[in-house]
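Q:
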Amino acid sequence: MTKRLLATALAVAVLAGLGAVAYAVLGPQPEQQARRDGCGRNATDEVSRLGPGWVYVNDGDFPASGPPPPPRWLAGVASSPGGPALDAHVSGGDQPATHDAYDFNLNVKPDPAYEGLLGGNPEEKSGNFEENFESRGRIHIERELTALPRFVWPAPGARVEAMGSWVWDCGHWDPGGERTELHPYRALWTERSPSPRSAYGDAEGDLYVSTDATPAGQIAECAHRTKGDRQAFKSCSFSQPNWLDVSGDYDFVLRPPPRPPGARRLVVRVVNMGSTIPVKRPRLEANGARLRFQLAATPGKRLVLAEEVFVGWRPAPRLVHLRVDFTRLLTRRSMDPSCFNCANPESLLEGQNTKPPGEWLLFTDIEGLWRLWPRVIPARDGRTFPVGLTQDLFVPRGRPFRLLVLPHECDFGTFTWTKPSNPMAPCPKSPEFGDKGGDDSPGFVVTRYRSPETAIGVHVANGSTAQPSTCPAAPNPGGCYQITYRITRVR
Numbered sequence: 003m004t005k006r007l008l009a010t011a012l013a014v015a016v017l018a019g020l021g022a023v024a025y026a027v028l029g030p031q032p033e034q035q036a037r038r039d040g041c042g043r044n045a046t047d048e049v050s051r052l053g054p055g056w057v058y059v060n061d062g063d064f065p066a067s068g069p070p071p072p073p074r075w076l077a078g079v080a081s082s083p084g085g086p087a088l089d090a091h092v093s094g095g096d097q098p099a100t101h102d103a104y105d106f107n108l109n110v111k112p113d114p115a116y117e118g119l120l121g122g123n124p125e126e127k128s129g130n131f132e133e134n135f136e137s138r139g140r141i142h143i144e145r146e147l148t149a150l151p152r153f154v155w156p157a158p159g160a161r162v163e164a165m166g167s168w169v170w171d172c173g174h175w176d177p178g179g180e181r182t183e184l185h186p187y188r189a190l191w192t193e194r195s196p197s198p199r200s201a202y203g204d205a206e207g208d209l210y211v212s213t214d215a216t217p218a219g220q221i222a223e224c225a226h227r228t229k230g231d232r233q234a235f236k237s238c239s240f241s242q243p244n245w246l247d248v249s250g251d252y253d254f255v256l257r258p259p260p261r262p263p264g265a266r267r268l269v270v271r272v273v274n275m276g277s278t279i280p281v282k283r284p285r286l287e288a289n290g291a292r293l294r295f296q297l298a299a300t301p302g303k304r305l306v307l308a309e310e311v312f313v314g315w316r317p318a319p320r321l322v323h324l325r326v327d328f329t330r331l332l333t334r335r336s337m338d339p340s341c342f343n344c345a346n347p348e349s350l351l352e353g354q355n356t357k358p359p360g361e362w363l364l365f366t367d368i369e370g371l372w373r374l375w376p377r378v379i380p381a382r383d384g385r386t387f388p389v390g391l392t393q394d395l396f397v398p399r400g401r402p403f404r405l406l407v408l409p410h411e412c413d414f415g416t417f418t419w420t421k422p423s424n425p426m427a428p429c430p431k432s433p434e435f436g437d438k439g440g441d442d443s444p445g446f447v448v449t450r451y452r453s454p455e456t457a458i459g460v461h462v463a464n465g466s467t468a469q470p471s472t473c474p475a476a477p478n479p480g481g482c483y484q485i486t487y488r489i490t491r492v493r
């Protein structure tokens with residue numbers, strides 16, 4: 003069958019109601035394969051270092067005496083069914099016993115060539131197709147945020163490419179079986195066009211490659227080496243190196259923005275963002291700047307390649323330079339109830355052992371420029387805090403842009419993977435222990451401006467009480483917080 007006929011057949015199938023999404027090839031099925039590959043479906047074992055939270059897909063076919071399944075590539079768009087605030091975000095539900103820091107998550111809608119990475123069956127609503135608010139029909143990719151610098155964190159809807167450990171998420175098997183993920187992703191390429199960092203509207207490609215395994219990588223490696231032996235797994239969990247291989251061929255193409263009138267030449271520049279090896283230089287080709295190279299990692303030796311690549315036309319008109327100043331935060335609720343398993347106006351997560359003040363982290367994302375307020379906010383009911391967080395960006399005239407506020411309330415104060423007396427970074431140490439559903443989410447602010455010109459002024463926004471917020475809506479009709487910010491034009 004020709005590609006054109008195949009595409010037509012798939013379109014007819016969709017229109018005929020044979021499925022919301024047509025998938026030419028189904029990926030691995032959790033009921034038939036996840037446990038064979040090493041998932042134990044035992045949450046107690048996972049937090050006790052007796053069983054894995056993640057195992058390699060197809061590891062049942064790879065003997066412990068040899069290497070595990072190789073990493074896999076993924077290409078697609080960050081796009082969550084739950085809305086743009088969940089396209090790319092800091093996790094709110096990580097288990098401290100298997101983490102050192104919260105994960106930075108992306109929900110990637112894969113290109114057709116990568117749909118085979120999706121586990122489960124859309125007709126049965128199993129695996130990656132279960133009715134999950136955030137990641138239905140997506141590849142959920144995760145990496146601890148302390149092992150991923152913020153320059154590479156994408157904006158909602160960004161095009162990304164990633165390479166990482168293709169694993170079953172053993173800790174989430176109910177109701178539709180385990181889901182497949184890239185966890186950790188070892189390489190991430192993020193595209194922005196035009197770049198909010200470029201005064202001339204250049205396209206930007208950000209690359210981060212690292213051998214740092216993170217706890218998830220160590221766990222999958224130990225699962226491969228021990229094959230269900232609980233005591234051997236526990237022993238391995240204390241000695242497995244923090245290293246994963248990133249050797250191989252890499253090939254990225256960054257396409258330039260549309261050519262403005264009068265532009266005569268393309269220019270390329272590279273910014274080193276903390277590499278341990280020389281940065282890779284792209285080559286200008288007919289379709290853009292091509293970044294093509296090979297890495298050969300030395301076992302046990304840390305390797306990091308971190309760079310920003312810009313390509314654009316010259317001469318080019320300057321974009322509008324905006325400055326966003328976050329000035330004030332009102333915490334209507336601390337989100338730390340002082341009672342256990344009780345109905346309260348502070349949080350929907352009633353199984354937490356906490357007390358005020360809340361420990362709030364304030365993340366912001368403006369067109370993919372991520373910031374974290376450098377201090378933990380001691381939230382109390384009805385208290386106002388000065389913020390003083392500033393972000394500059396460049397936006398084309400007349401073009402819409404998006405601003406997000408994503409606070410995080412810390413409920414787990416200790417009990418992490420490498421050093422159990424530590425909290426999950428970047429949260430502070432405390433005697434608190436959270437609900438099994440995870441940390442509190444005060445709710446998001448998602449604002450889309452039609453243009454930089456219409457965004458100028460002072461703005462006040464309330465945090466949402468819609469899912470995944472854990473702010474009780476009935477007693478808090480205005481949300482659990484309010485943020486004030488000012489947008490000005492820099493001339």
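Residue 3 is where the sequence shown starts when you use this note's numbering, and the numbers rise one by one after that. Where is the CB? At the ideal position from N, CA and C, for every residue including glycine. The model shown is predicted, which means the values in this text are computed figures rather than measured ones.
1. On a Cα-Cα basis, can you pick out the residue from Gly29, Trp56 and Asp47 that is closest to Asp39?
2. What distance in whole Å lies between the Cβ atoms of Ala189 and Met165, which are believed to be in contact at a cut-off of 8 angstroms?
3. What is the rounded straight-line gap between the Cα of Val397 and the Cα of Phe403?
4. Between Leu408, Val162, Gly219 and Trp155, which has its C-alpha nearest Pro72's C-alpha?
5. Using the C-alpha atoms, what's the distance from Trp75 back to Leu184?
6. Kindly identify the DSSP beta-bridge partner or partners of Gly178.
7. Less than 8 angstroms between the CB atoms is what I'm expecting for Arg267 and Arg316, so what's the real figure, rounded?
8. Buried or exposed, going by whether 16 or more other CB atoms sit within 10 Å of the CB of Ser241?
9. Would you mind reading off the limits of the beta strand (DSSP E) that contains Ala205?
10. Any idea what DSSP makes of Pro243, helix, strand or coil?
11. Name the DSSP beta bridge partners of Met165, please?
12. Using the DSSP secondary-structure output, state which residues sit across from Ile2 in a beta bridge.
13. Tell me Thr449's beta-bridge partners as DSSP assigns them.
14. Lys236 bridges to which residues according to DSSP?
15. Determine the DSSP secondary structure at Val23, reduced to helix, strand or coil.
16. What residue range does the alpha helix (DSSP H) around Ala225 cover?
17. Quick one: using the 10 Å Cβ neighbour count with 16 as the cut-off for buried, is Val23 buried or exposed?
18. Hey, how far is the Cα of Ile458 from the Cα of Pro339?
19. So, for Ser466: in the same chain, excluding its five sequence neighbours on each side, which residues have a beta-carbon less than 6 angstroms away from its beta-carbon?
20. So, is the C-beta of Lys127 closer than 7 angstroms to a C-beta in chain C?
21. Looking at C-beta atoms only, is the number of pairs between the region 257–265 and the region 191–210 that lie closer than 8 angstroms three or more?
22. Are the CB atoms of Val154 and Ala99 nearer to each other than 7 angstroms?
23. Which same chain residues end up closer than 8 angstroms to Thr138 when comparing Cβ atoms and leaving out the 5 residues on each side of it in sequence?
24. Could you compute how far the alpha carbon of Val378 sits from the alpha carbon of Gly250?
25. Only counting the same chain, and skipping five residues up and downstream in sequence, which positions put a Cβ closer than 6 angstroms to that of Thr333?
26. With Arg294 and Asp253 assumed to form a contact (beta carbons below 8 angstroms), what rounded beta-carbon distance in angstroms separates them?
27. The alpha helix (DSSP H) with Thr490 in it runs from where to where?
28. Report the option in Phe387, Arg401, Asp214 and Gly440 whose CA atom is closest to the CA atom of Pro301.
29. Per the contact definition of three or more C-beta pairs closer than 8 angstroms, is the region 343–358 in contact with the region 220–229?
30. Once DSSP output is grouped into helix, strand and coil, what is the label at Leu297?
31. Can you round the beta-carbon distance between Pro32 and Glu180 to whole angstroms, since I take them to be within the 8 angstroms contact cut?
32. Determine which residues share a DSSP beta bridge with Arg385 and list them.
33. Suppose the cutoff is 6 angstroms on Cβ atoms and the five residues either side in sequence are ignored; what does the same chain contact list for Gln350 look like?
34. By Cβ distance, which residues of its chain are closer than 6 angstroms to Ala157, with the 5 residues on each side in sequence left out?
35. Take Glu144 as the anchor and find which of Tyr210, Pro425, Tyr104 and Glu125 has the nearest alpha-carbon.
A: The relevant details are as follows:
1. Residue nearest to Asp39 within the set Gly29, Trp56 and Asp47 is Trp56 (criterion: CA-CA distance).
2. Confirmed, about 4 angstroms.
3. In a straight line, the C-alpha of Val397 is about 8 angstroms away from that of Phe403.
4. The shortest Cα separation from Pro72 among Leu408, Val162, Gly219 and Trp155 belongs to Gly219.
5. If you take the alpha carbons of Leu184 and Trp75, they lie about 9 angstroms apart.
6. According to DSSP, Gly178 bridges with nothing at all.
7. About 6 angstroms separates the beta carbon of Arg267 from that of Arg316, a gap short enough to meet the 8 angstroms contact definition.
8. Exposed, because fewer than 16 other Cβ atoms sit within 10 Å of the Cβ of Ser241.
9. Boundaries of the beta strand (DSSP E) around Ala205: Ala205 to Ser212.
10. In the three-state scheme derived from DSSP, where H, G and I count as helix and E and B as strand, Pro243 is classed as coil.
11. BP columns for Met165 point to Trp75 and Ala189.
12. The question about residue 2 has no answer, for the chain in this structure spans 3 to 493.
13. BP columns for Thr449 point to Leu405.
14. The partner list for Lys236 (beta bridge, DSSP) is empty, contrary to what the question assumes.
15. Note that Val23 has pLDDT 49, beneath the 50 cutoff, so the model's placement of it is unreliable and no number is given.
16. Counting along the chain, Ala225 sits inside the alpha helix (DSSP H) bounded by residues Thr216 to Thr228.
17. Note that Val23 has pLDDT 49, beneath the 50 cutoff, so the model's placement of it is unreliable and no number is given.
18. If you take the alpha carbons of Ile458 and Pro339, they lie about 38 angstroms apart.
19. Closer than 6 angstroms at the Cβ level, and outside the excluded window around Ser466, lie Gly445 and Phe446.
20. Among the chains in the structure shown there is no chain C, since it carries only a single protein chain.
21. Result yes; three or more Cβ-Cβ pairs closer than 8 angstroms.
22. Between Val154 and Ala99, the gap from beta carbon to beta carbon reaches 7 angstroms or more.
23. This sequence places Arg at residue 138; Thr is not what is there. The residues are Pro83, Asn130, Phe131 and Glu132.
24. Approximately 40 angstroms, taken between the alpha carbons.
25. Result list for Thr333: Ala381, Arg385 and Tyr483, in chain order.
26. Contact between Arg294 and Asp253 holds, since their C-beta atoms are separated by about 5 angstroms, short of 8 angstroms.
27. Where Thr490 is concerned, there is no enclosing alpha helix (DSSP H), although the beta strand (DSSP E) it sits in stretches over Tyr483 to Arg491.
28. Checking every option, the nearest Cα to that of Pro301 belongs to Asp214.
29. With a cut-off of 8 angstroms, the region 343–358 and the region 220–229 do not count as touching, because too few Cβ pairs lie within range.
30. Reduced to three states, the DSSP call for Leu297 is strand.
31. Their Cβ separation, rounded to whole angstroms, is 4 angstroms, which keeps Pro32 and Glu180 in contact under 8 angstroms.
32. BP columns for Arg385 point to Thr333.
33. Residue identity differs from the one stated: residue 350 is Leu in this sequence, not Gln. Sequence-distant partners of Leu350 (beyond 5 residues in either direction) whose C-beta falls short of 6 angstroms from its own C-beta, in its chain, are Thr472 and Pro474.
34. Answer for Ala157: Glu369 and Gly370, listed in chain order.
35. Ranking Tyr210, Pro425, Tyr104 and Glu125 by Cα distance to Glu144 puts Tyr104 first.
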